[in-house]
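Going by our numbering, the sequence shown opens with residue 967, and the numbers climb by one from there.
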Amino acid sequence: MEKIRSKKIYKILKIIFSVVAVLLISATLSRSVPDGTLDYVCKSNVTAKKAIALTFDDGPGKHTERLLDVLSENDAKVTFFVVGNKAEKYPETLKRAYDEGHLIGSHTYSHIDFYKTSLDDIKSDIIKNIEVIENITGKKPVFLRAPYGNVTPVQLKQLDTVFVHWSVSTLDWYGEEEEFVYNRLMSVAKDGAIILLHDTRETTVDAVLRAIPELKAQGYEFVRVDELITRNGDEIRTGIPYRSCKQDKSPLAY
Ligand code: NI
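See the structure below:
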């Protein structure tokens, strides 16, 4: 009799624990990404006819401060897609980038490949990165770039967040030298471009330092991704990957 009763109590406790666990997990996951209603307002300051959004992935790193110096000297604003485990190593650099007016986006906490990761694991990695970035800057990142650009159309809908891809890669991740990255930057620069770079690479930072004043002299303005994609009055939307935004045209989304 005693045995049956304790078995019953054990069963009830098990059910209670399961319910609490499910509630806790779903509460954690539901914090992750907007639920379809995006509360993000950006007043675009883009005035130039030729505007470019430079985007830097995988940092912050030891070369980022040097990049921030030259951005500040040239009144250029960019977007950093930050990896959480790097942000933990360089919190002051990230805080400086945020304080100086650059847009801070997420590039996941541990640079996961969405093609090889379950939806739940992707969500918890994204949540972790949001928390790391918010703890350092005081603001939750809204924009996300999937590592390697790998995200399926189904995941785009399921994650319901603002994805930013790119229109041009400088191929700097391929181990190219400064001269190559510089030449590529100078040749691919065009109005509305979202350009992929990596501030973790010394050669990239060297190339950008050279290119920025020269492109500025050609009339280019360097702006944040959120400013670029709202330059024509469009509202920011979730579930589609932004790749570029030309003057007088809606942001191209595929
Ligand atoms: Ni990356």
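Virtual Cβ for every residue (Gly too), placed ideally from N, Cα, C.
Asp-1023 is bridged by DSSP to Phe-1047 and His-1164. If you ignore the 5 residues before and after Ile-1092, its C-beta comes within less than 8 Å of the C-beta of Ser-998, Val-999, Ser-1072, Thr-1074, Tyr-1075, Leu-1110, Leu-1125 and Thr-1127, all in its own chain and listed in chain order. Contact between the stretch 1099-1106 and the stretch 1040-1054 is established, with three or more Cβ pairs separated by less than 8 Å. Rounded to whole angstroms, Ser-1084 and Ile-1078 show a C-alpha spacing of 10 Å. Ile-1195 has its alpha-carbon roughly 12 Å from the corresponding atom of His-1131. The Cβ neighbour count for Asn-1095, taken over all protein chains shown within 10 Å, is at least 16; the residue is labelled buried. The residue among Ala-1155, Val-1049, Lys-980 and Thr-1169 with its C-alpha nearest the C-alpha of Glu-1143 is Thr-1169. At least one heavy atom of ligand 1 lies less than 7 Å from the C-beta of His-1073. Annotated three-state conformation of Arg-1203 is coil, per DSSP.
For Ile-1096, the enclosing alpha helix (DSSP H) starts and ends at 1085-1103. Within the DSSP secondary-structure output, Gly-1071 pairs in a beta bridge with Phe-1047.
If you draw a straight line from the Cα of Asn-1011 to the Cα of Arg-1197, it comes to about 8 Å.
Distances between the C-beta of His-1077 and the heavy atoms of ligand 1 include at least one below 7 Å. Just so you know, the alpha carbons of Tyr-1186 and Lys-1016 end up roughly 5 Å apart. In the three-state scheme derived from DSSP, where H, G and I count as helix and E and B as strand, Val-1128 is classed as strand. For Tyr-1064, the uninterrupted alpha helix (DSSP H) segment begins and ends at 1057-1065.
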